[in-house]
Amino acid sequence: MKKLTVLAATLGTLLTPYALAQTLAGKISDADGLPVVGAKVQIMGTNLTQTTDNQGRFQFDKVRSGTLELHLSAPRFAHLNTDVEVPETGLSNLNLTMINTSMEVVDVTATPFHSSALESSIPVSVLAGDNLRMRQAATLGDTLKNEVGVHSNFYASVASSPIIRGLDGPRVMITQNGLGAGDASRVGPDHVTAAEASTATQIEVLRGPSTLFYGSGAIGGVVNVVDNRVPKDTLTRGEATLERDSVNNQKLMSASLNTGTDNVGVYVDGFWRENDDYRIPGHAETESEHDEHEHHDEEGGYGTVENTASESKGFTLGSSYLLDNGFVGFSYGRLEREYGIPGHAHGEEHGHEEDHEDEHGHTDEMEESVYADMKQDRVQILSELSFDHAFISGINSKFAYTDYQHAEVEDGQIGTLFKNTSKEARIELLHKHYHNWRGGLSLHYKQSDFEAQGDEAFSPPSDTEMLALGWMEERHFGDVLVQLGARIEHVEINADQVRFPESAVHGDEVHHDDEVHEDEPGHEDEHGDEVAEFFTSSKDFTPYSLSAGLVWDFHPGYNMAVSLSRSQRAPSAAELFSFGPHIGTNSFEVGAIFELVEEEGERFLSVSDNDVELETSTNLDISLRKVSGDLGFVLNAFYNQADDFYYQQATGLFAGDGHEHEEEEHAHEEEEHGAEEELHADELPVYLFAQEDVVLHGFEAQVNWQISAPLKLVVQGDYIRARLKQGGDLPRIPPLRLAARLNYEYEQVSADIGLTRYFKQDKTAELESETSGYTLLDANVTYHVPVGGNELAFYLKGSNLTDEEARVHTSFLKDIAPLPGRSLAVGVRGYF
77 MKKLTVLAAT
87 LGTLLTPYAL
97 AQTLAGKISD
107 ADGLPVVGAK
117 VQIMGTNLTQ
127 TTDNQGRFQF
137 DKVRSGTLEL
147 HLSAPRFAHL
157 NTDVEVPETG
167 LSNLNLTMIN
177 TSMEVVDVTA
187 TPFHSSALES
197 SIPVSVLAGD
207 NLRMRQAATL
217 GDTLKNEVGV
227 HSNFYASVAS
237 SPIIRGLDGP
247 RVMITQNGLG
257 AGDASRVGPD
267 HVTAAEASTA
277 TQIEVLRGPS
287 TLFYGSGAIG
297 GVVNVVDNRV
307 PKDTLTRGEA
317 TLERDSVNNQ
327 KLMSASLNTG
337 TDNVGVYVDG
347 FWRENDDYRI
357 PGHAETESEH
367 DEHEHHDEEG
377 GYGTVENTAS
387 ESKGFTLGSS
397 YLLDNGFVGF
407 SYGRLEREYG
417 IPGHAHGEEH
427 GHEEDHEDEH
437 GHTDEMEESV
447 YADMKQDRVQ
457 ILSELSFDHA
467 FISGINSKFA
477 YTDYQHAEVE
487 DGQIGTLFKN
497 TSKEARIELL
507 HKHYHNWRGG
517 LSLHYKQSDF
527 EAQGDEAFSP
537 PSDTEMLALG
547 WMEERHFGDV
557 LVQLGARIEH
567 VEINADQVRF
577 PESAVHGDEV
587 HHDDEVHEDE
597 PGHEDEHGDE
607 VAEFFTSSKD
617 FTPYSLSAGL
627 VWDFHPGYNM
637 AVSLSRSQRA
647 PSAAELFSFG
657 PHIGTNSFEV
667 GAIFELVEEE
677 GERFLSVSDN
687 DVELETSTNL
697 DISLRKVSGD
707 LGFVLNAFYN
717 QADDFYYQQA
727 TGLFAGDGHE
737 HEEEEHAHEE
747 EEHGAEEELH
757 ADELPVYLFA
767 QEDVVLHGFE
777 AQVNWQISAP
787 LKLVVQGDYI
797 RARLKQGGDL
807 PRIPPLRLAA
817 RLNYEYEQVS
827 ADIGLTRYFK
837 QDKTAELESE
847 TSGYTLLDAN
857 VTYHVPVGGN
867 ELAFYLKGSN
877 LTDEEARVHT
887 SFLKDIAPLP
897 GRSLAVGVRG
907 YF
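So the sequence shown is numbered by our numbering: it starts at 77 and just counts up by one.
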């Protein structure tokens with residue numbers, strides 16, 4: 077009984093609220109003493125928020141006494157964090173001053189700490205509001221391509237993904253409201269990301285390792301798409317958009333609505349987008365590519381990039397129950413997208429001099445075109461609960477279940493089918509201030525069941541499971557904010573149908589002949605059956621990450637941020653076990669569990685006896701920021717040393733593309749002088765995932781100058797240098813980029829004009845070609861019309877106004893798919 081009494085007393089102490097004071101009230105002014113109207117004031121560690129009135133005043137009732145941390149935010153002002161000592165009798169005469177800024181300041185939700193991009197120790201970009209609406213495109217990569225430090229791999233506008241500081245694929249995590257998108261976009265560039273920008277409220281980009289928050293798959297950065305699919309309030313508001321684009325005849329409709337009653341919030345959104353092949357100012361192929369396939373000129377390729385049409389649609393339904401200390405809610409989303417895969421048509425490579433129509437009027441080219449049919453169902457459950465008790469300040473929970481399917485359709489038949497079923501859960505337990513430290517623990521679980529079937533199933537079916545524990549803390553020491561974190565995770569990857577490497581891969585010294593080796597895998601045996609040999613492989617890893625950062629407000633309106641991290645990444649299943657043709661990258665991919673062996677002058681692939689290693693990144697970021705006044709800037713420099721970095725190494729071998737070609741019957745009828753050129757005509761170069769130590773470093777800069785009340789000039793630039801420590805360059809690294817944009821806002825009119833210069837990229841990897849520089853001119857204008865208490869915005873967007881031929885160095889399709897030509901888009905957007 078005595079033990080129970082002691083336990084009850086202990087729990088009572090932990091769960092008893094602090095003593096309540098009567099009032100916390102005050103006034104917020106700017107540097108000139110004028111009231112800041114509409115500023116949001118939040119008591120950190122609680123769900124208590126207030127908005128200042130016309131006099132800049134705010135008031136909280138029944139707050140606890142002691143030290144409280146206030147967070148202040150308002151449009152055109154730098155955020156302010158300050159500690160306030162509240163006595164037992166309350167505090168009613170608090171005066172606070174906010175500093176105006178020309179920089180855009182938006183709260184970041186991608187981290188557990190409440191901060192904006194200008195307060196974080198790691199570099200963060202946020203695209204929100206009208207800027208997001210004017211830049212949104214059909215793909216996530218093209219939407220973000222103008223953000224500092226972010227480029228697009230530009231897969232002909234049909235499946236483009238973001239590149240952060242030269243890294244993409246499995247190193248850049250795409251999340252939706254903090255949980256993985258659950259698609260197959262990290263496997264190949266021809267797989268679209270299952271995150272829609274047209275219904276998003278903001279998109280956050282964390283540049284550099286973000287493994288503490290999201291796991292080893294975020295070693296290069298995170299793109300977090302934020303929407304209101306799980307509503308946090310019952311306010312009725314909505315948005316609707318209609319748009320038409322000239323360059324590809326794109327038509328877009330999207331709408332969202334947030335409403336509710338009493339304690340129940342409701343959210344619904346939907347969109348539909350359709351476009352034709354996009355137009356370009358010249359030939360789709362480069363001169364070298366065009367000369368190589370000169371006899372295909374009659375198949376087209378001038379003025380358009382063929383097979384880039386797409387159609388997508390989706391909707392989301394969400395609801396939540398609002399509590400006094402937070403909310404609990406769920407959502408269901410459906411996404412469908414069909415899009416052409418340019419450069420994927422197998423018929424176009426093989427020298428047909430004519431397109432013949434069949435009885436239905438379809439040409440050979442139409443019959444050979446390949447398109448993707450993607451579908452995804454996603455369920456999310458989110459909750460955020462705050463507690464005003466002695467120990468726990470909040471519990472944030474997130475859960476997502478995603479069922480994804482991606483079919484590549486050829487001649488009306490599914491050639492390859494990709495499936496991914498994923499489950500993810502994360503719980504964050506936040507504690508009260510302890511000796512002025514604020515933070516907590518994070519428990520993170522993720523399981524992914526990936527399967528690929530068909531001619532181009534380059535990666536075998538696999539199951540990946542991850543369990544992680546993270547710890548994060550931060551504390552203010554006067555003008556210095558210190559942030560610390562650690563994370564350890566366990567990753568298991570299992571694959572039971574890994575192909576033995578005895579498939580037909582060979583070098584230039586091997587020539588085709590009529591001999592059939594019946595005992596070799598990939599050939600028919602005496603019964604006419606295909607011989608295939610597989611084996612089971614299982615790998616487990618225990619990566620860990622450590623991070624330390626600080627933000628020093630060394631002068632009013634200025635700060636310096638330094639972040640040092642050591643992050644580890646477990647390789648993906650595709651990087652480990654791949655063995656097959658990947659037409660999206662125009663290569664035959666071989667995983668890291670294999671090795672290239674040379675014996676008696678002959679090269680071949682074999683299962684390696686060596687262990688695969690964790691990829692380890694040591695990253696240093698230094699930022700200098702000026703956030704006050706009419707002139708503001710953010711300057712970043714970074715250095716990243718990645719040991720045992722996984723990259724695709726050319727082997728000099730070739731392998732079949734997984735398709736039968738009728739013209740192979742006539743191979744011996746070729747002229748003798750052309751036989752060598754045709755040796756690998758229907759084959760792909762073999763690339764092996766190897767590990768080397770690499771160094772990536774560079775800078776990012778953005779300067780905002782409020783020239784006058786209506787005029788603002790934004791100048792920015794970024795540069796990435798990525799090289800192997802033993803010599804050589806990494807492939808598809810973005811070139812130096814400089815940009816300037818002039819913005820105008822006056823009464824009902826807003827407009828901007830921007831010029832971006834991409835420089836020549838001549839630092840290339842083996843077998844990679846250089847890319848010429850180009851300059852893009854864009855302009856937008858919007859006219860805002862009040863309609864009662866609502867607003868209509870009529871806008872005109874112009875892109876590549878000089879109609880310049882531009883080829884993206886980071887694109888796998890740069891030789892056959894340049895950027896779209898001159899584009900004019902007209903639209904109307906309504907807010908209510």
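Using N, Cα and C, we set each Cβ at its ideal position, and we do this for glycine too.
Could you tell me how far apart the beta carbons of P647 and Y722 are, in whole angstroms, since I believe they sit closer than 8 Å? The residue you call residue 647 lines up with position 571 of the sequence shown. The residue you call residue 722 lines up with position 646 of the sequence shown. With 8 Å as the limit, P647 and Y722 qualify as a contact, their Cβ atoms being about 6 Å apart.
Under the three-state DSSP convention, the category G102 falls into: Walking along the sequence shown from the start, residue 102 turns up at place 26. Reduced to three states, the DSSP call for G102 is strand.
Let me check understanding here. Comparing Cα to Cα, which of T187, N207, Q212 and R211 lies closest to V200? Here residue 200 is taken as the residue at index 124 of the sequence shown, counted from 1. Nearest option by C-alpha distance: T187.
Run the CB neighbour count on E674, radius 10 Å, all protein chains shown included, and call it buried at 16 or more, exposed below. Against the sequence shown, residue 674 aligns to sequence position 598. The residue is exposed, with fewer than 16 neighbouring Cβ atoms inside 10 Å.
If I measure Cβ to Cβ from L831 and keep anything under 6 Å in the same chain, skipping five residues before and after, which residues do I get? Mapped onto the sequence shown, residue 831 falls at position 755. Closer than 6 Å at Cβ, skipping near neighbours: A816 and L853.
To the nearest angstrom, how far is it from the Cα of R247 to the Cα of D720? Here the question's residue 247 lines up with position 171 in the sequence shown. Here the question's residue 720 lines up with position 644 in the sequence shown. Using only the alpha carbons, I get a separation of about 14 Å.
Which residues mark the beginning and the end of the alpha helix (DSSP H) in which E674 is found? On the sequence shown, position 598 is the one that residue 674 refers to. No alpha helix (DSSP H) holds E674; the beta strand (DSSP E) holding it covers F670 to E675.
If we ignore side chains and look at the alpha-carbon of each, how far apart do L203 and L672 end up? Counting from one through the sequence shown, the residue named residue 203 turns up at place 127. Counting from one through the sequence shown, the residue named residue 672 turns up at place 596. Going by the C-alpha atoms only, they are around 45 Å apart.
Determine the DSSP secondary structure at L110, reduced to helix, strand or coil. Counted from its first residue, the sequence shown places residue 110 at position 34. Looking at L110 - three-state DSSP - the assignment turns out to be coil, as it is neither helix nor strand.
Can you tell which of A624, V567 and P807 has its C-alpha closest to the C-alpha of D697? As a working note, residue 697 is residue 621 in the sequence shown. Minimum Cα distance to D697 is reached at A624.
Quick one: grab the DSSP three-state call for S684. Taking the first residue of the sequence shown as 1, we reach residue 684 at position 608. In the three-state reduction of the DSSP assignment, S684 falls in the coil class, being assigned neither a helical nor a strand state.
For Q252, tell me which candidate among R454, Y795, A882 and K836 has the shortest Cα-Cα distance. Working through the sequence shown from its first residue, we reach residue 252 at position 176. Nearest to Q252 by alpha-carbon distance, out of R454, Y795, A882 and K836, is R454.
Opening and closing residue of the alpha helix (DSSP H) in which G830 lies: Sequence index remark: in the sequence shown, residue 830 carries index 754 (1-based). Segment V825 to Y834 is the beta strand (DSSP E) holding G830; no alpha helix (DSSP H) there.
Can you pull the DSSP bridge partners for G929? Coverage of the chain is limited to positions 77 through 908, which leaves residue 929 absent and any answer about it impossible.
May I ask which residues mark the beginning and end of the beta strand (DSSP E) holding Y447? The residue you call residue 447 lines up with position 371 of the sequence shown. Looking at the DSSP string, the run of the beta strand (DSSP E) that includes Y447 is V446 to S462.
For H509, the nearest candidate out of N496, E550, G530 and V226 (CA to CA): What you label residue 509 is simply residue 433 of the sequence shown in a count that begins at 1. The candidate whose alpha carbon is nearest that of H509 is E550.
Measure the alpha-carbon distance for E272 versus L333 and round it to whole angstroms. Your numbering for residue 272 matches position 196 in the sequence shown. Your numbering for residue 333 matches position 257 in the sequence shown. C-alpha separation (whole angstroms): 16 Å.
DSSP state of E433, grouped into three classes? Looking up residue 433 in the sequence shown gives position 357. At E433, the pLDDT of 45 sits below 50, so the modelled position is not reliable; the number obtained from the coordinates is stated separately. Three-state result, E433: coil.
Can you check DSSP and say which residues form a bridge with V234? Working through the sequence shown from its first residue, we reach residue 234 at position 158. Answer by DSSP bridge pairing: none, since V234 is not bridged.
Considering only residues of the segment 253-326, which uninterrupted alpha helix (DSSP H) runs meet the minimum length of 4 residues and lie entirely inside it, listed in chain order? 287-290
Would the beta-carbon of Q848 fall within 8 Å of that of K836? Here residue 848 refers to the residue found at position 772 when the sequence shown is read from its first residue. Here residue 836 refers to the residue found at position 760 when the sequence shown is read from its first residue. Per the sequence presented here, residue 848 reads as Ser, with Gln not at that position. In this structure, K836 lies closer than 8 Å to S848 by Cβ.
Pairs of beta-carbons, one from the segment 700-719 and one from the segment 761-775, closer than 8 Å: are there three or more? yes
Going by C-alpha to C-alpha distance, which of S237, G242 and R241 sits closest to I250? Reading the sequence shown from its first residue, position 174 is the one you call residue 250. Ranking S237, G242 and R241 by Cα distance to I250 puts S237 first.
Sort G906, K389 and Q782 by Cα distance to G409 and report the nearest one. Within the sequence shown, the letter at position 333 stands for residue 409. Of all alpha-carbon atoms in G906, K389 and Q782, the one lying nearest the alpha-carbon of G409 is that of K389.
Should R575 and F655 be called a contact, given that it needs their Cβ atoms to be closer than 8 Å? Counting from one through the sequence shown, the residue named residue 575 turns up at place 499. Counting from one through the sequence shown, the residue named residue 655 turns up at place 579. Contact flag set, yes.
Runs of beta strand (DSSP E) lying entirely within the segment 790-859, each at least 3 residues, in chain order: 813-822 and 825-834
From S887, E759, E842 and R701, pick the residue whose C-alpha is nearest to that of P810; which is it? For this step, residue 810 is matched to residue 734 along the sequence shown. Of S887, E759, E842 and R701, the residue nearest in Cα terms is S887.
Bridge partners of I503, per DSSP? As a first step, residue 503 must be located in the sequence shown, where it is residue number 427. S473 and L519.
Indicate the three-state DSSP secondary structure (helix, strand or coil) for Y907 in the structure shown. Numbered from its first residue, the sequence shown carries residue 907 at position 831. Here Y907 sits in strand by DSSP.
Are the segment 319-326 and the segment 346-358 touching by the rule of at least three beta carbon pairs closer than 8 Å? yes
Length of the line joining the Cα atoms of N712 and Q725: Residue numbering aside, residue 712 sits at position 636 when the sequence shown is read from its first letter. Residue numbering aside, residue 725 sits at position 649 when the sequence shown is read from its first letter. Whole-angstrom Cα-Cα distance: 31 Å.
Helix, strand or coil for T165 per DSSP? Mapped onto the sequence shown, residue 165 falls at position 89. Looking at T165 - three-state DSSP - the assignment turns out to be coil, as it is neither helix nor strand.
Reducing DSSP to helix, strand and coil, say where P246 ends up. For the purposes of this step, residue 246 is taken as the residue at position 170 of the sequence shown. It is helical.
Skipping 5 residues on each side, what residues in its chain have a beta carbon closer than 8 Å to that of L787? Your numbering for residue 787 matches position 711 in the sequence shown. Cβ neighbours of L787 beyond the five flanking positions: L818, N819 and Y820.
Would DSSP call T661 helix, strand or coil? Taking the first residue of the sequence shown as 1, we reach residue 661 at position 585. Looking at T661 - three-state DSSP - the assignment turns out to be helix.
Hey, could you find the ends of the alpha helix (DSSP H) T219 is sitting in? Residue mapping note: residue 219 aligns to position 143 of the sequence shown, counting from 1. Where T219 is concerned, the enclosing alpha helix (DSSP H) stretches over L216 to L220.
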